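First comes the structure, then the notes that go with it.
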Amino acid sequence: MDNFRVRTKTLNFILIIVAMAFMLYLLKLMLRIGQGLGEVALMYEIVTVVIIIVFMLLMLPGLGKSIAIDGNDIVIRRLFILSEDIALYEVDHCDLVTGLTTKGKIHRSYNELRIFYNGNKISFTDIGYTNWDRLVEYMEHNGKVNHVDGRSKFDKYIDDRFKNMMK
Numbered sequence: 046m047d048n049f050r051v052r053t054k055t056l057n058f059i060l061i062i063v064a065m066a067f068m069l070y071l072l073k074l075m076l077r078i079g080q081g082l083g084e085v086a087l088m089y090e091i092v093t094v095v096i097i098i099v100f101m102l103l104m105l106p107g108l109g110k111s112i113a114i115d116g117n118d119i120v121i122r123r124l125f126i127l128s129e130d131i132a133l134y135e136v137d138h139c140d141l142v143t144g145l146t147t148k149g150k151i152h153r154s155y156n157e158l159r160i161f162y163n164g165n166k167i168s169f170t171d172i173g174y175t176n177w178d179r180l181v182e183y184m185e186h187n188g189k190v191n192h193v194d195g196r197s198k199f200d201k202y203i204d205d206r207f208k209n210m211m212k
């Protein structure tokens, strides 16, 4: 019987907490700067608060997301407090998307498992969550996984051309 939990990796958890603490410090600093601006201070403070709250709200969902497997029972948790209890048969399917890459200066490959259940979706990546591989094995063992190639169209085109040249 399978019994495990998928949750944010410890290092990622710490980094998100540090980033949120930095945002709060930045908010305090920006509000102090805004006090000396005179007439435009209110608009400056409102924009600063909105930007920092948006950044924090974007970080929070990844932090409080987890899934616990206990046999055929699945508990999905979001934002630490919102919880859904479902059974394995309620999972419609899972898409295992492979070959994804991060954007920006550092390109890093990763995979993502998207779980579709009762009209909802939740996703977990291999670089962000512990026991991700066990979740994939569990869903594959129960016949719920569809494999999806997540590479770009250009990469797929180049691979197809290379395969044709090798024939």
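First residue of the sequence shown? That's 46 in my numbering, and the numbers climb one at a time after it.
All residues carry an ideal CB built from backbone N, CA and C; glycine is no exception.
Treat the numbers as computed from the prediction; the structure is a model and nothing was measured.
Simplified DSSP state of H192, which is helix, strand or coil: Taking the first residue of the sequence shown as 1, we reach residue 192 at position 147. In the structure shown, H192 sits in a strand (DSSP, three-state: E or B).
For G149, which of helix, strand or coil comes out of DSSP? Sequence index remark: in the sequence shown, residue 149 carries index 104 (1-based). Coil at G149, not helix or strand.
Going by DSSP, what residue range makes up the alpha helix (DSSP H) through D200? On the sequence shown, position 155 is the one that residue 200 refers to. Looking at the DSSP string, the run of the alpha helix (DSSP H) that includes D200 is K198 to M211.
What separation, rounded to the nearest whole angstrom, lies between the Cα atoms of G203 and N48? Here the question's residue 203 lines up with position 158 in the sequence shown. Here the question's residue 48 lines up with position 3 in the sequence shown. The sequence shown places Ile at residue 203, rather than the Gly named in the question. Spanning the two alpha carbons is a distance of roughly 42 angstroms.
Going by Cα to Cα distance, which pick from K166, N156, I121 and E135 is closest to D178? Position 133 of the sequence shown, counting from 1, holds the residue named residue 178. Taking only the C-alpha atoms, the option nearest D178 is N156.
Would Y174 be called buried (16 or more neighbouring beta carbons within 10 Å of its own) or exposed? Sequence index remark: in the sequence shown, residue 174 carries index 129 (1-based). That one is buried.
Report yes or no: do three or more beta-carbon pairs, one from the region 50–58 and one from the region 72–83, lie closer than 8 angstroms? no
Whose C-alpha, out of A66, I119 and I97, is nearest the C-alpha of R50? Sequence index remark: in the sequence shown, residue 50 carries index 5 (1-based). Nearest of A66, I119 and I97 to R50, Cα basis: I119.
How close, in whole Å, do the beta carbons of L158 and V181 come, if the pair is a contact with beta carbons under 8 angstroms? Working through the sequence shown from its first residue, we reach residue 158 at position 113. Working through the sequence shown from its first residue, we reach residue 181 at position 136. At roughly 6 angstroms, the Cβ-Cβ gap stays under 8 angstroms, so L158 and V181 are in contact.
With distance defined between alpha-carbon atoms, name the residue in G116, I126 and S197 nearest to M184. Taking the sequence shown and counting its residues from 1, one reaches residue 184 at position 139. Answer by Cα proximity: G116.
Going by CA-CA distance only, name the one from K198, L133, V142 and D200 that's closest to H186. Locating residue 186 in the sequence shown gives position 141, where the first residue counts as 1. Checked all of K198, L133, V142 and D200; the closest Cα to H186 is L133.
For V190 versus L141, is the C-beta distance shorter than 7 angstroms? Taking the first residue of the sequence shown as position 1, residue 190 is located at position 145. Taking the first residue of the sequence shown as position 1, residue 141 is located at position 96. Taking 7 angstroms as the Cβ cut-off, V190 and L141 qualify as a contacting pair.
Classify K166 as helix, strand or coil using the three-state DSSP reduction. Taking the first residue of the sequence shown as 1, we reach residue 166 at position 121. DSSP places K166 in strand when its eight states are reduced to three.
Buried or exposed for I97, please, with buried defined as at least 16 other CB atoms from any protein chain shown within 10 angstroms of its CB. To locate residue 97, count along the sequence shown from 1; it is residue 52. Per the 10 Å Cβ criterion, buried.
If we require 4 or more residues per run, which alpha helix (DSSP H) segments fall completely within the region 86–136? 86–108
Starting from N48, trace the beta strand (DSSP E) in both directions and tell me its first and last residue. Stepping through the sequence shown from its first residue, residue 48 is reached at position 3. Run containing N48: N48 to T53, per the beta strand (DSSP E) assignment.
Buried or exposed: S111, going by 16 or more other Cβ atoms within 10 Å of its Cβ? For this step, residue 111 is matched to residue 66 along the sequence shown. With 16 or more other Cβ atoms within 10 Å, it is buried.
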